[in-house]
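Novice: First, the structure itself, so that you have it in front of you.
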Amino acid sequence: MRFPATPNFSGFLAPSSVEADVCNLSVLCGSIPIELDGSFYRVAPDPQFPPIADDDIWFNGDGMVTRFKFRNGSVSLHQRWARTRKFQLERSAGKALFGAYRNPLTDNESVKGEIRGTANTNVVVHAGKLLALKEDSPPVLMDPETLETLDPCYDFGGRMTSETFTAHPKTDPGTGEMLAFGYAAKGLCTRDMVFYVIDPEGEITSETWFELPYYCMMHDFGFTEDYVIFHVVPIIGSWERLEVGLPHFGFDRTRPIHLGILPRAGSAADLRWFTAPNCFASHVMNAHNIGTKINFDVPMAPGNMFPFFPDTEGQPFDPDRGAARMTRWSVDMQSNSTEIEMAPLASLIGEFPRIDDRFAGRRNRWGWQLVQDSSKPFDAPGGRTGSGMMMNTLGRIDLEAGESETYWLGSTSSFQEPAFVPRPGSSDEGDGYIVVLENRLAEMASRLLLFDAMKLAQGPIATIGMPFRIRQGLHGNWVPSSAIA
Ligand code: V55
Ligand code: FE
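Structure representation (structure tokens):
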């Protein structure tokens, strides 16, 4: 096989293809708290075969799931590809059959009508089930212990009729419910959305269908104790774009953004839309409501963050306009106004926000995120950063004091998305650890770092080595052993 000699397939983004089980990773520095009993699951796009076209975007690779299992002060690593329908059909053929990102018109005739999901964006556990997720398709059900694929198109026992399921479902720590949605739910590029509530036993207990103001990438959402929040941002798509071979999505500077607020106790008739001028936000840190007033906290940029989803009018990508800062969007369901108020929360530039998930949907004080600190030297080979963004710093923000703390990794490393690990037995917000992968760009190697979540600046309390490079990934989550027993 020969992968293209392009940035999407070389350097730290060279395909990994490693499926492995490694017991007792070497602890290079510090030590692993003996009380940690659980697993950090994460997923990366990792193409099984070279693309049909000359190149492909990172977002289109096959989902490779990694489990770092912590027990008795040691860590083991287990890594398997999710066996999606795409993966199985291509493995049988010995080559790529599916074409460009979310463009079925570029597929081999033999796979017409097949589910195209790659399961490459997030891995979550709910009701003891491991779900590998891609927002264009149903969950892939995997065994949380062995990482064996059990069902490539899991539909919750037939209860999920949407064609798609978000890669960012969320668990309400108060009710134990998983909240999720699907967009393009009745077909590619449709404005149909569905919101699902999934009970602690994993059964879909309610579905709410509605239409978006316009079709776009609905990547994440927010919830509070009383509301669900959907942000409609101008990464748009259409069949016309697919027919002429444009990337599925493009950034449209002419459209406003919208915020849809659905009362959790209500129905689609109670959904209310607010609006604001053109801007961009992708991931949601957290949200909460005080009565009918809703605060929704997002890394927000004035313009496009994704160079591979180019401007619809051909304007060149501008990294300054793609720089995101944590911002609070506020609306009041009792107000007659449809405006969204926006206020800055922190000055750090970056993305991949996380919280202590025991405070999801509640007012939180602490947030963790990756930070691009351009005041620091950066000398990775060829300027390659892993994700395309120079995430050289880990940050913690204090929403009450408006302060922040950071840890810089050095000039030849970048971070992947962190996850918060609660200290067993604790309940105070922020009492725990941050687990995060380090890309060692000069060595083409990876390390897993563990920080005291409240003391980032002191550096890692444990540094864990591994015998091969872990490809740049997207999202992951800490899952205590009790949740998969
Ligand atoms: C994202 C990632 C995806 C995708 C859509 O914003 C959005 C992240 C890895 O795939 O298909
Ligand atoms: Fe995401």
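For the sequence shown, the positions run 8 to 492 when the numbering used here is used.
Even glycine gets a Cβ: it sits at the ideal position worked out from N, Cα and C.
Have a look at the DSSP bridge pairing and note the partners of K76.
Specialist: For K76, which the question treats as bridged, DSSP gives the partners S46, S83.
Novice: Does the segment 211–223 come close enough to the segment 266–279 to have 3 or more Cβ pairs within less than 8 angstroms?
Specialist: As far as the Cβ criterion goes, the segment 211–223 touches the segment 266–279, which means the pair count is three or higher.
Novice: To which residues of the same chain is P207 closer than 6 angstroms at the C-beta, ignoring the five residues directly before and after it?
Specialist: Same-chain partners within the cutoff: G183.
Novice: Should V251 go down as buried or exposed, given a rule of 16 or more other Cβ atoms within 10 Å for buried?
Specialist: Under this definition V251 is an exposed residue.
Novice: Taking the Cβ atom as the reference point for each residue, do D53 and P22 lie within a distance shorter than 8 angstroms?
Specialist: In this structure, P22 lies closer than 8 angstroms to D53 by Cβ.
Novice: On a Cα-Cα basis, can you pick out the residue from S344, F281, T128, E445 that is closest to L266?
Specialist: For L266, the nearest C-alpha among the options comes from F281.
Novice: Kindly give me the distance between the Cβ atoms of P146 and A139, rounded to whole angstroms, as I take these residues to be in contact under 8 angstroms.
Specialist: The Cβ separation is near 7 angstroms, so the contact holds.
Novice: Taking the alpha carbon of P306 as the reference point, which residue from T392, F258, I404 has its own alpha carbon closest?
Specialist: Selected option, being the one with the closest Cα: I404.
Novice: Between R361, M312, I301, which lies nearest to I347 when the distance is taken from Cα to Cα?
Specialist: Measuring from the Cα of I347, the nearest candidate turns out to be I301.
Novice: Count the other CB atoms, across all protein chains shown, that sit within 10 Å of the CB of P360; report buried if there are 16 or more and exposed otherwise.
Specialist: Classification of P360: buried, given that the 10 Å Cβ count is 16 or more.
Novice: With respect to 7 angstroms, is the separation between the Cβ of D28 and the closest non-hydrogen atom of ligand 2 below this value?
Specialist: Checking every heavy atom of ligand 2 against the Cβ of D28, none is found closer than 7 angstroms.
Novice: Quick check on M333 - is its C-beta less than 8 angstroms from some C-beta in chain D?
Specialist: Annotation note: the requested chain D is absent from the structure, which comprises a single protein chain.
Novice: Using only CA atoms, which one of R260, V442, H238 lies nearest to A288?
Specialist: The shortest C-alpha separation from A288 is found at H238.
Novice: Is it true that the segment 194–202 meets the segment 146–155, where meeting means three or more beta-carbon pairs spaced less than 8 angstroms apart?
Specialist: Cβ pair count under 8 angstroms is below three, so no.
Novice: Do I264 and P241 have their C-beta atoms within less than 8 angstroms of each other?
Specialist: In this structure, P241 lies closer than 8 angstroms to I264 by Cβ.
Novice: Taking just the CA atoms, how far does A367 sit from I471?
Specialist: So the alpha carbons of these two residues sit roughly 29 angstroms apart.
Novice: Roughly how many angstroms lie between the CA atoms of T178 and V131, to the nearest whole one?
Specialist: Cα to Cα, T178 sits roughly 10 angstroms from V131.
Novice: Which residues does DSSP list as the beta-bridge partners of S453?
Specialist: DSSP lists N446 as partners of S453.
Novice: Identify, in the order they occur along the chain, each residue of the same chain with its Cβ nearer than 7 angstroms to the Cβ of F75, setting aside the five sequence neighbours on each side.
Specialist: Cβ neighbours of F75 beyond the five flanking positions: S46, F47, V82, L84, L455.
Novice: Mind listing, in chain order, the continuous alpha helix (DSSP H) runs of no fewer than 4 residues lying wholly within the segment 80–166?
Specialist: Within the segment 80–166, the complete alpha helix (DSSP H) runs of at least 4 residues are 92–100.
Novice: Which of the three DSSP states, helix, strand or coil, is assigned to L278?
Specialist: It is coil, neither helix nor strand.
Novice: With the cut-off set at 8 angstroms, would you say Q6 and E358 are in Cβ contact?
Specialist: The question about residue 6 has no answer, for the chain in this structure spans 8 to 492.
Novice: Going by C-alpha to C-alpha distance, which of E247, F230, T168, A353 sits closest to T413?
Specialist: With distances taken between Cα atoms, T413 lies closest to A353.
Novice: Which residue wins for smallest C-alpha separation from E121, given the options P431, R476, F427, N110?
Specialist: Looking at the Cα atoms, N110 is the closest of the given residues.
Novice: How about E247: is its Cβ closer than 7 angstroms to a heavy atom in ligand 1?
Specialist: E247 Cβ: outside cutoff for every heavy atom of ligand 1.
Novice: Hey, would you say the C-beta of E97 is under 7 angstroms away from at least one heavy atom of ligand 1?
Specialist: No, Cβ of E97 sits at least 7 angstroms from all heavy atoms of ligand 1.
Novice: What is the rounded straight-line gap between the Cα of L157 and the Cα of G189?
Specialist: Using only the alpha carbons, I get a separation of about 22 angstroms.
Novice: What whole-angstrom Cβ distance do D304 and R335 have, given they're in contact under 8 angstroms?
Specialist: Confirmed, about 5 angstroms.
Novice: Ligand 2 and D459: does the residue's C-beta get closer than 7 angstroms to at least one heavy atom of that ligand?
Specialist: No; taking the cut-off as 7 angstroms, the Cβ of D459 has no heavy atom of ligand 2 nearer than that.
Novice: At the level of alpha carbons, what is the spacing between D364 and F427?
Specialist: Distance between the alpha carbons of D364 and F427 is about 8 angstroms.
Novice: How long is the line joining the alpha carbons of Y108 and G244, rounded to whole angstroms?
Specialist: If I take the Cα positions, the gap works out to 12 angstroms.
Novice: Any heavy atom of ligand 2 inside 7 angstroms of the beta-carbon of H133?
Specialist: No, the Cβ of H133 stays beyond 7 angstroms of every heavy atom of ligand 2.
Novice: Using the Cα positions of F105 and D233, report the straight-line distance between them to the nearest angstrom.
Specialist: In a straight line, the C-alpha of F105 is about 41 angstroms away from that of D233.
Novice: Could you please give the first and the last residue of the uninterrupted alpha helix (DSSP H) stretch that includes L249?
Specialist: Per DSSP, L249 belongs to the alpha helix (DSSP H) from 246–250.
Novice: So the beta strand (DSSP E) G296 belongs to, where does it begin and stop?
Specialist: Reading off the sequence, residue 296 comes out as Asn, not Gly. Segment 293–297, the beta strand (DSSP E) holding N296.
Novice: Distance, Cα to Cα, D69 vs W88?
Specialist: The straight-line gap from Cα to Cα measures roughly 7 angstroms.
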